[in-house]
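Colleague:
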Amino acid sequence: MLPATNHTLEKLEMLLKTAGYKVRYEKGNFKTGACLLQSSKMIVVNRFSNLESKILALVELLRDLEVDYKLLDDKQIAFLQEIKQTKLQL
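In this text, residue positions in the sequence shown follow this note's numbering: the first is 19, and each later residue adds one.
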């Protein structure tokens, strides 16, 4: 289970950045906490969502993304595997 802290959010952002994705926080009228623009590898997160919703949205997207493990270091690989194996409970 991942803690809902700013540190967790920063780790998720760094993991996505290393994997080649850009994370932006914008005003949005989308119903979920984030959306993925696949052609540009950009993730837009609703900036008005609370911290838990932002973390949950990024984790859900990470579970479905095909990430190249060659781009990640050992800690990031372990973190990604933890995300993919763990069910998030906030």
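The beta carbon of each residue, even a glycine, is placed where N, CA and C say it ideally should be.
Going residue by residue through the region 25-60, where are the continuous beta strand (DSSP E) segments of at least 3 residues, counting only ones entirely within it?
Modeller: 40-44 and 52-55
Colleague: If I measure Cβ to Cβ from Glu84 and keep anything under 6 Å in the same chain, skipping five residues before and after, which residues do I get?
Modeller: If you ignore the 5 residues before and after Glu84, its C-beta comes within less than 6 Å of no other C-beta in its own chain.
Colleague: According to DSSP, is Val77 helix, strand or coil?
Modeller: helix
Colleague: Leaving out five residues on either side along the sequence, give the residues of the same chain with a beta carbon under 8 Å from the beta carbon of Leu69.
Modeller: Excluding sequence neighbours, Leu69 sits near Ala22, Thr23, Asn24 and Leu27.
Colleague: When you compare only the Cα positions, how much space is there between Ile101 and Ser57?
Modeller: 24 Å
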